Amino acid sequence: MGGNELGRREICIVSVLAAACILCFGTSGYARDDIEIVDVAWTSAVIDREPVDRIAATSVAPPVIFWTRAKGTARTLESLKARGKLPLHHRWIRYLGAQAEISRSVITDDIVAAIGNGGQLDALQIELDQRGYFDWRLWSEKRNLPPGSWAVRVVYADGEPVLCRQSSSALVACEFRVLVSRGAGR
10 MGGNELGRRE ICIVSVLAAA CILCFGTSGY ARDDIEIVDV AWTSAVIDRE
60 PVDRIAATSV APPVIFWTRA KGTARTLESL KARGKLPLHH RWIRYLGAQA
110 EISRSVITDD IVAAIGNGGQ LDALQIELDQ RGYFDWRLWS EKRNLPPGSW
160 AVRVVYADGE PVLCRQSSSA LVACEFRVLV SRGAGR
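Structural data, given as structure tokens:
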């Protein structure tokens, strides 16, 4: 066996391993078992499952709606069901003290989102059968928020955070902050 033949075999093995990694984890960096949060918005209303506007998170008056768009495959749905991760929740968190002092917080609500909840699983399955993936929207609304710094964390049924990609390519807990003003409404 010559040196060139061994080199070709090693290149072939490396190529097969690289292809397997891409198939398992995709090019986005998410494992196929993970749900992917592809869009979020603070909004004043949702019509036809879409936000009617996108409000800057710097000074929002109640009521406050947090809208999320999530995608996944059949493998994603089966894995999440098998691991007891459904339904997803929007966990509302109020930060206490000065805005810079965000280390102190209290969870005020854990709102169960429609995705993965009861009869919604049937709708997800139909969407999977038709398109090969699901593209789901979920939102939660808070009407009586005291002024201050708030956040919504997207979590699984067991409380584990859903991971989102940051601009630095790191995966971190999907948590989105908003500053609620004193306004009595829009």
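Residue numbering for the sequence shown follows our numbering, beginning at 10 and increasing consecutively. Backbone N, C-alpha and C define an ideal beta-carbon position, used for all residues, glycine too. Note that the structure is a prediction, hence the values are computed from the model and not measured.
Cβ neighbour criterion (16 or more within 10 Å) applied to residue i
{"i": "glutamate 45", "result": "buried"}
{"i": "valine 189", "result": "buried"}
{"i": "valine 115", "result": "exposed"}
{"i": "arginine 100", "result": "buried"}
{"i": "valine 164", "result": "buried"}
Through-space distance from residue j to residue i, alpha-carbon basis
{"i": "serine 149", "j": "proline 96", "result": "14 angstroms"}
{"i": "cysteine 21", "j": "glycine 93", "result": "In this prediction, cysteine 21 scores a pLDDT of 30, lower than 50, which makes its location untrustworthy; the coordinate-derived value is nonetheless stated afterwards. C-alpha separation (whole angstroms): 39 angstroms."}
{"i": "lysine 42", "j": "arginine 84", "result": "In the sequence under discussion, the amino acid at residue 42 is aspartate, which differs from the lysine named in the question. When rounded, the distance between both Cα atoms is 6 angstroms."}
{"i": "glutamate 136", "j": "glutamate 59", "result": "17 angstroms"}
{"i": "leucine 154", "j": "leucine 105", "result": "13 angstroms"}
{"i": "arginine 174", "j": "valine 121", "result": "23 angstroms"}
{"i": "arginine 140", "j": "alanine 91", "result": "22 angstroms"}
{"i": "valine 55", "j": "serine 177", "result": "30 angstroms"}
{"i": "leucine 89", "j": "aspartate 138", "result": "17 angstroms"}
{"i": "proline 170", "j": "leucine 130", "result": "20 angstroms"}
{"i": "glutamine 134", "j": "leucine 180", "result": "27 angstroms"}
{"i": "threonine 82", "j": "alanine 65", "result": "31 angstroms"}
{"i": "leucine 86", "j": "glycine 168", "result": "17 angstroms"}
{"i": "aspartate 57", "j": "alanine 132", "result": "16 angstroms"}
Close Cβ partners of residue i (< 6 angstroms) along its chain, the five nearest in sequence each way excluded
{"i": "valine 47", "result": "Arg78 and Lys80"}
{"i": "serine 68", "result": "Leu188 and Ser190"}
{"i": "aspartate 119", "result": "His98 and Arg100"}
{"i": "aspartate 144", "result": "Lys80"}
Cut-off 8 angstroms between Cβ atoms - residues of its own chain near residue i, not counting five sequence neighbours on either side
{"i": "arginine 63", "result": "Ala50, Trp51 and Thr52"}
{"i": "valine 61", "result": "Thr52, Ser53, Ala54 and Val55"}
Cβ neighbours of residue i in the same chain (closer than 7 angstroms, five flanking residues each side left out)
{"i": "arginine 152", "result": "Pro71 and Pro72"}
{"i": "arginine 103", "result": "Ser114, Val115, Thr117, Gly157 and Trp159"}
{"i": "leucine 172", "result": "Asp43, Leu180, Val181, Ala182 and Cys183"}
{"i": "alanine 109", "result": "Bear in mind that a pLDDT of 45 at alanine 109, under 50, signals an unreliable position, so the number given afterwards is only what the model happens to contain. None."}
{"i": "tyrosine 142", "result": "Lys80, Gly81 and Thr82"}
Residue range of the beta strand (DSSP E) that includes residue i
{"i": "isoleucine 135", "result": "Segment 129-140 is the alpha helix (DSSP H) holding isoleucine 135; no beta strand (DSSP E) there."}
{"i": "threonine 117", "result": "114-121"}
{"i": "leucine 188", "result": "184-189"}
{"i": "aspartate 48", "result": "45-52"}
{"i": "glycine 157", "result": "157-164"}
{"i": "leucine 172", "result": "172-174"}
{"i": "arginine 103", "result": "98-104"}
Where the alpha helix (DSSP H) through residue i begins and ends
{"i": "threonine 85", "result": "83-91"}
Residue i CB to nearest heavy atom of the ligand ZN below 8 angstroms
{"i": "tryptophan 159", "result": "With respect to the ligand ZN, the structure shown offers nothing to examine, as it has no ligands at all."}
Pair every Cβ in the segment 179-194 with every Cβ in the segment 150-170, then say whether three or more of these pairs are closer than 8 angstroms. The segment 179-194 is in contact with the segment 150-170.
With three or more beta-carbon pairs closer than 8 angstroms as the criterion, would you say the segment 138-155 touches the segment 64-78? The way I'd put it, the segment 138-155 does touch the segment 64-78; three or more beta-carbon pairs between them come closer than 8 angstroms.
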